[in-house]
Structures are given as C-alpha cells and as structure tokens.
Amino acid sequence: MRKKAAALLALSIAFGGMLPTSSLAAETTTPAPILFKAEGLSKQDVVKAFLQSKVQATMTKLVDPGEQFKIVNEQNDSTTGTYHVRTIEQYKGIPIYGSGQTVAIDANNSVYASIGKVTQNLARTLIPTEASLSQDDAISIAKQGVESQIGEVKNYDGIDSKLMIYPYKGKYHLTYLVKASTSNPAPGYFHYFIDANSGEVVNSFNKIHEVDTSSLSPVIGRGLDLHGTMQSFPVGKDLTSGTSYLYGASAAAGKTVPMATFTAKRMEEFVYLLGAAFGFTGYEISTTNSTNFFHDPAAISAHYNSDKVNKYYQVIHKRNSLDNQGMPIISTVHIGVKWNNAAWNGKQMMYGDGDGIRYNSLAGGLDVAGHEMTHGVIEHSADLVYQGESGAINESLADVLGNFAEMYATSEVEWELGEDITTPNIPGDGGLRSMSNPASKKTSITESGYYPDHYDDRYLGTEDKGGVHINSGINNKAAYLISQGGTNNDITVKGIGKSKTEKIYYRALTLYLTSSSGFHDMREAAIHAARDLHPDKNGAPSPETQAVMDAYSSVGVN
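Using this note's numbering, the first residue of the sequence shown is number 67, and each one after it goes up by one.
Below you can see the structure in the form of structure tokens.
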C-alpha cells in the first residue's frame, strides 16, 4: 500500500581504572607554536584580526568589499581546552564559493593553527552584487539542464538555490548556486552555477556521489539480508493495524536518530511525493507479519547497515547523525535498472541492484553504507569540493571513516572497500579499492593502468572529475600506514592502531579541513589533530604525530 508521511520521521520515541604513572624523569608538554596573539579581544575578534592580517595591504582601493571573513561554525573542545572556528569569505555580504578557513585558538587566546588560503585584492576587484534574475528563474534554468541530461524529473528529492560569488576561470561571477537532488529517472546531486544577470550556466557538475510516524511504536524487526544472514533492527509498528514499517530510531550513546528505508521499485509507474518535510520520492516497505519479519534483503541490508554506521559515529565520535543535529537517515534501495553504484545525493543514500556481472546489490556492503553516509558527514563539516584534490580527499575520507565504521560493527580489521558486493565473475577484482595496497587495483584512466599510491604519480587529467576516485588511494595509503604501520618508499611508519587513527581523521575533517583543502592541507590537518590529542613532549613530536608525519612523507606529501 502507498501511504504519505505527513511529517519528517517524528520518532521522538524511546528505544528505549587507575592511569599508570611513569617512574622516569618528568615530561613536559610542549605547546604548539603561536601564529598570532592579540590582547583584549574576544576569541571571535582574534580570529578575524588574524585572518585580516593575512590580507595584503593595498594602496589603490577601488571598492569597499565589507567584512571579508564570516564565522559560520564555532566549537569549544573540552578535551583540549581549545576553540575552533570555520569561516567563509564574503564580498559585500555575499559568500564566495570554495573559500574558507579553519582557525584554532588555545586557552591563552592565541592562534596556533590555521588552514585555508585567504583571498587577496578584493578591495581592488569590482564584482556585481545586484541580481536581475530571480531565484525561481535560476531554478528553472537548472532544472532544464538536469532534465536535458537524465530526462523528465517528476519529483525532485530536494532543490534549493543561494546567491554566491563564484570564482571560475580567473573571473568572479555573481551566480545562483542551485543544488538539485534526484533519484528518478536517474540518481543525481546536481550543482548548477547560474549567472544571476544573464542566466548563463557558468558551470555545472553532478556531485554524486500516509503513515503518521508519531503513532508508530518501536519494535525490533527481523529478516534475511543479502548475505543470507538473519538480522535484527529497529522498526516502527502501527499497533492498530498490526503493520510494521522500515522506520526506526538508531539509538546509542544516549541519543536516538530517526531512520527510514524505502524502495524505488516501480517508481516509473507510480511516483508519489512522500511529504514535503521528507523531500523524498519512494515507497514505504512494510510487513503485516506478527513477528515483524521483512522480506526484501536489499532493504534489510541497507536499514541494518545504516543503524550500524550511525552507532559508530554516535559512540566513537559523539556525533548526532550526519549533520550532528539529529537529521533523519534515509536510504533507498532498487535505484535504477541494474545500476552499478551507490551514492549520497545530499538528502539520502541510494543503492543500485548491480548488474549481476560485476556487482551484486550495492546495499550489501557495510563499508559502502559507511562510505556514503560519511559523504553526508563531510557535506555537513568541511564540505570538500568534489573536484580535483579536494574531491580526492573527500573520497578518501569517505573510504577511511566508512571502513572504520565497518570495523567497529564487525570487530574485523580489513582494508578493502566493496569486497562484499563484487561478483566472482571477474577473477581478481576483489572489491572497489584497496587501502592497504591501492596500486593493486587496475584502472583504464592512468598511464600505468593502476591506482596511484604516491603524490608524484597522481592523475592530473580531467576524467573522474579530476581524479577524485583515482587519487584517493594516496591518502588511503597514508591512513593505512598510520594505523597499521609498515615501510613504504624506504620510510618506516610505526603504526598507532585503529582507535587513535580514526579519531585523528575525524578531528582533522570536522575542525581543520576547508572546502578547498588538498593533499598538503590534509597532512597539515592530520598533524594538528594528532598534536591536539597527543601533545608533543620535551620538544619532540608524540609517537602519534610522528606516525602521521612519516606516513604522509612516505606517499610524497610533505
């Protein structure tokens, strides 16, 4: 039965030692070097003064660009007593796409770390700030572009626009950035930059990567997943009708996060809108079985995996869902026809069934779910631009943290991505990517025919959005070495283990990286994160920080 959800998963329902001391000479913690200090200012003003100090003075001022730096996120870290901010740059109050910095301040109000380039010469740059094109017109133009690529879209999963200054090919454009999420007739997370006066498409890319739920009672559902394993998972049951739905609340670490799983089967025939609050098109999955037994293995796998990955972020990183604000976690299975992919489209995770030749259903990979859900975490933190080096870091962090989520759920340490979704029809494919040995995987894009694992060998072409998947192996290899250790390019790395490594990378992502960060920024962010958690002693880097330094040196990122 098709039903329409009137509200957004309103499941506010209840799912329900001594430290050793050293006998050696006392160690002293070495403070991080000071980059900037200003007396008598608030932390916010220290940040702005520091960033403004990096703007080169100009004698020929053509325009007053207004306040250049805007703080968009602040975090006080009780673990280290430090204060972290994320900023964007703006011109006369309009944000500049791809700009941004992270700044860290110690307990003495001094800046000790910062990542992100500062835009120069805004006072000498004339940029239009008045739009003659309406926001609705910009959305219409973007829709035309989307539908020229994938066909008519009857219902968008979500579409919004925002006025932005867009630096492109050496020029600043006043644009509307229109983001459009689709699942039918093809999955997509389209970004269109529409000139706010001429209506020209400056640039575009695809970033892809009626139940009243408040009346449902929490119960445990059961079913066989894609691997034939009986799984248990949280669902919601209408006690009046006896029908259970794949709605549930993922509960851990004192928090509950709503989650739901849908099917896209037969959407070409019966498309309906599942409520404006959901912003999603699909079919609910239900059962009237008295034992709450579900029969769609792909949906069961997706629902179960979403719960496990969310619990990883809740327990290990104290994160409240993908946006850290408790947003619902939505998955849809059976996307497209024999679609060999999975994706995050800005609203939900989407899983294809595979072609049965190279891939089975993508919903069967716990690490695949971890990867796609981590794209959601990335979008709500550093928001790494999905092109070139920043796109490769985006893909790598989805691999790294997604793989750590799988390890958390299974208690098994392994470093392959997608090994559970490949078929035996192609000998030796063994998964999508290898983190321990990226160069073991073949690709037709690079000259060598293999994925690179050293910065000097990175792909510099335009395919794969500038190598976002191909070059991810460089950072993946560094993460593997930090955790497990080993010798790479004659540099030996002493591994520090999974637990320390995952916290370093999560901290680097959420506190230090910016939307335009590349490989060298990733190294710097990881070093800052390691130093925060494991301070230098007696002027020497901690073993954890040294492992980060050595690992990145071994892959050519210095």
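Where a beta carbon is used, it is the ideal one built from N, C-alpha and C, also for glycine.
In this text, all values refer to a predicted model and were calculated from it rather than measured experimentally.
For this session: Using three-state DSSP, classify residue 162 as helix, strand or coil.
Result: If you number the sequence shown from 1, residue 162 lands on position 96. Three-state result, residue 162: strand.
Problem set entry | Residues near residue 160 by beta carbon distance below 7 Å, same chain, minus five either side | As a position in the sequence shown, residue 160 is number 94, starting the count at 1. Hits under 7 Å: 195, 229, 230 and 231.
Problem set entry | For residue 286, the three-state DSSP class (helix, strand or coil) | The sequence position of residue 286 within the sequence shown is 220, counting from 1. Residue 286: strand per DSSP, three-state reduction.
Exercise. Among 316, 263, 98 and 355, which one has its Cα closest to the Cα of residue 304?
Worked result: The count along the sequence shown starts at 1 and reaches residue 304 at position 238. If we check each option's Cα against that of residue 304, 355 comes out closest.
For this session: Keeping to the same chain, check which residues put their C-beta closer than 7 Å to that of residue 532; ignore five residues upstream and five downstream.
Result: As a working mapping, residue 532 is identified with position 466 in the sequence shown. Result list for residue 532: 453, 454 and 457, in chain order.
Exercise. Just checking my contact of residue 618 with residue 505 at CB under 8 Å: how many whole Å lie between their CB atoms?
Worked result: Numbered from 1 along the sequence shown, position 552 holds the residue referred to as residue 618. Numbered from 1 along the sequence shown, position 439 holds the residue referred to as residue 505. The pair is not a contact, with the Cβ atoms about 17 Å apart (cut-off 8 Å).
Exercise. Quick one: Cα of residue 249 to Cα of residue 481, how far?
Worked result: Stepping through the sequence shown from its first residue, residue 249 is reached at position 183. Stepping through the sequence shown from its first residue, residue 481 is reached at position 415. The alpha-carbon atoms of residue 249 and residue 481 are separated by roughly 30 Å.
For this session: May I have a chain-ordered list of the beta strand (DSSP E) segments no shorter than 3 residues that lie completely inside the region 132-157?
Result: 135-143 and 148-157, all fully within the region 132-157.
Problem set entry | C-alpha gap between residue 594 and residue 421, whole angstroms | Stepping through the sequence shown from its first residue, residue 594 is reached at position 528. Stepping through the sequence shown from its first residue, residue 421 is reached at position 355. Looking at the two C-alpha atoms, the distance is approximately 44 Å.
For this session: Note down the Cα distance separating residue 413 from residue 446, rounded to an integer number of angstroms.
Result: What you label residue 413 is simply residue 347 of the sequence shown in a count that begins at 1. What you label residue 446 is simply residue 380 of the sequence shown in a count that begins at 1. The alpha-carbon atoms of residue 413 and residue 446 are separated by roughly 12 Å.
Exercise. Using the rule of at least 16 other Cβ atoms within 10 Å of the residue's Cβ for burial, across every protein chain shown, is residue 438 buried or exposed?
Worked result: Indexing the sequence shown from 1 puts residue 438 at position 372. Around the CB of residue 438, 16 or more other CB atoms lie within 10 Å, so the residue is classed as buried.
Exercise. Looking only at DSSP bridge pairs, what is residue 267 linked to?
Worked result: As a working note, residue 267 is residue 201 in the sequence shown. Answer is 260, bridged to residue 267.
For this session: Decide if the region 323-330 is in contact with the region 286-295; the criterion is three or more beta carbon pairs, one per stretch, under 8 Å apart.
Result: Note that the region 323-330 does not touch the region 286-295; fewer than 3 beta-carbon pairs, one per stretch, sit closer than 8 Å.
Exercise. To the nearest angstrom, how far is it from the Cα of residue 171 to the Cα of residue 601?
Worked result: The count along the sequence shown starts at 1 and reaches residue 171 at position 105. The count along the sequence shown starts at 1 and reaches residue 601 at position 535. In this structure, the CA atom of residue 171 is about 15 Å from the CA atom of residue 601.
Problem set entry | Proximity winner among 507, 567 and 611, relative to residue 483 (alpha-carbon distances) | For this step, residue 483 is matched to residue 417 along the sequence shown. Of 507, 567 and 611, the residue nearest in Cα terms is 507.
For this session: May I have the straight-line CA-CA distance separating residue 198 from residue 206, to the nearest angstrom?
Result: Here the question's residue 198 lines up with position 132 in the sequence shown. Here the question's residue 206 lines up with position 140 in the sequence shown. So the two alpha carbons sit approximately 15 Å from each other.
For this session: Since I believe residue 596 is in contact with residue 579 (beta carbons under 8 Å), could you give me their beta-carbon distance rounded to a whole number of angstroms?
Result: Counting from 1 along the sequence shown, the entry for residue 579 is found at position 513. Counting from 1 along the sequence shown, the entry for residue 596 is found at position 530. Here residue 579 is actually not in contact with residue 596; their C-beta atoms are around 14 Å apart, not less than 8 Å.
Exercise. Expressed to the nearest angstrom, what Euclidean distance is found between the alpha-carbon atoms of residue 259 and residue 479?
Worked result: The sequence position of residue 259 within the sequence shown is 193, counting from 1. The sequence position of residue 479 within the sequence shown is 413, counting from 1. Looking at the two C-alpha atoms, the distance is approximately 42 Å.
For this session: Count the other C-beta atoms from every protein chain shown that fall within 10 angstroms of the C-beta of residue 106, then say buried if there are 16 or more, exposed otherwise.
Result: As a first step, residue 106 is located in the sequence shown; it is residue number 40 there, counting from the start. Counting Cβ neighbours within 10 Å, residue 106 comes out exposed, since fewer than 16 surround it.
Exercise. Quick one: what's got a C-beta closer than 6 Å to residue 443's C-beta in the same chain, skipping five residues either side?
Worked result: Here residue 443 refers to the residue found at position 377 of the sequence shown. Exclusion of the five residues before and after residue 443 leaves 388 as the residues of its chain whose Cβ lies within less than 6 Å of its Cβ.
Exercise. Could you give the C-beta distance for residue 154 and residue 144, rounded to a whole number, given that I count them as a contact under 8 Å?
Worked result: Along the sequence shown, read from residue 1 onward, the residue named residue 154 stands at position 88. Along the sequence shown, read from residue 1 onward, the residue named residue 144 stands at position 78. Between residue 154 and residue 144 the beta-carbon gap is near 26 Å, outside 8 Å, which marks them as no contact.
Exercise. Can you give the Cα-Cα distance for residue 337 and residue 399, rounded to whole angstroms?
Worked result: The count along the sequence shown starts at 1 and reaches residue 337 at position 271. The count along the sequence shown starts at 1 and reaches residue 399 at position 333. Any reading at residue 337 needs caution, since the residue's pLDDT is 33, under 50, leaving its predicted position unreliable; the model's value is listed next. Here the alpha carbon of residue 337 sits roughly 15 Å from the alpha carbon of residue 399.
For this session: Going by DSSP, name the residue or residues bridged to residue 298.
Result: The residue you call residue 298 lines up with position 232 of the sequence shown. Under DSSP, residue 298 forms a beta bridge with 288.
For this session: Take residue 404 as the anchor and find which of 514, 418 and 571 has the nearest alpha-carbon.
Result: Locating residue 404 in the sequence shown gives position 338, counting from the first residue. Cα-wise, what sits closest to residue 404 is 418.
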